[in-house]
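Undergrad:
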Amino acid sequence: MTAAETAAAATAGPVRAALVILLTVVGSFFLLVGTIGLLRFPNVYNRMHATSKATTLGAASIALAATVYYLPNGDGLMALVTVLFLFLTAPTGAHMISQAAQRMGVPFLDGVTWPRQDAAPGDADGSDAANGDD
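Numbering-wise (the numbering used here), the sequence shown opens with residue 65 and increments by one.
(1) Flag this pair as yes or no: are the beta carbons of Ser116 and Ala143 separated by less than 7 Å?
(2) In the structure shown, what three-state DSSP assignment does Leu83 receive?
(3) Which class does Pro155 belong to by DSSP, given the choice of helix, strand or coil?
(4) Start and end of the alpha helix (DSSP H) containing Asn110?
(5) Examine the ligand COA and report whether any of its heavy atoms sits within less than 6 Å of the Cβ of Leu152.
As structure tokens, then:
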């Protein structure tokens with residue numbers, strides 16, 4: 065980082081400083097909620113949901129705070145790339161973990177089932193009865 069960038073980051077105005085603080089607090093809140101969900105939820109599916117959603121929003125908020133602080137050049141641009149990377153990889157990872165858990169036979173909570181993979185639209189089980197094709 066050049067001296068001009070350092071000076072610009074150090075002399076952030078009150079609005080920019082408030083926005084950095086707000087984004088950091090929001091991000092910390094989401095990270096805390098995701099951590100509590102990881103510790104409290106009963107199975108891998110619920111834990112995965114809590115961590116993938118909340119921590120993605122939390123980390124993205126903190127990275128956006130870095131973008132606001134450093135401006136969108138240099139380190140700020142790297143923070144924006146981090147947000148993009150998070151939004152592309154976290155849902156994909158959560159999906160892969162849920163499929164792996166389902167294939168390993170990890171049970172759902174009582175009363176919850178995995179959607180049937182072998183049922184075709186219009187089968188006799190009534191899965192396509194809503195469209196009136198009787």
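Just so it is clear, CB atoms sit at the ideal spot from N, CA and C, and this is done for glycine as well. Source: prediction; values computed, not measured.
TA: Concretely, from the data shown:
(1) no
(2) helix
(3) helix
(4) That run of the alpha helix (DSSP H) goes Val108 to Tyr134.
(5) No copy of the ligand COA appears in this structure; indeed no ligand is present at all.
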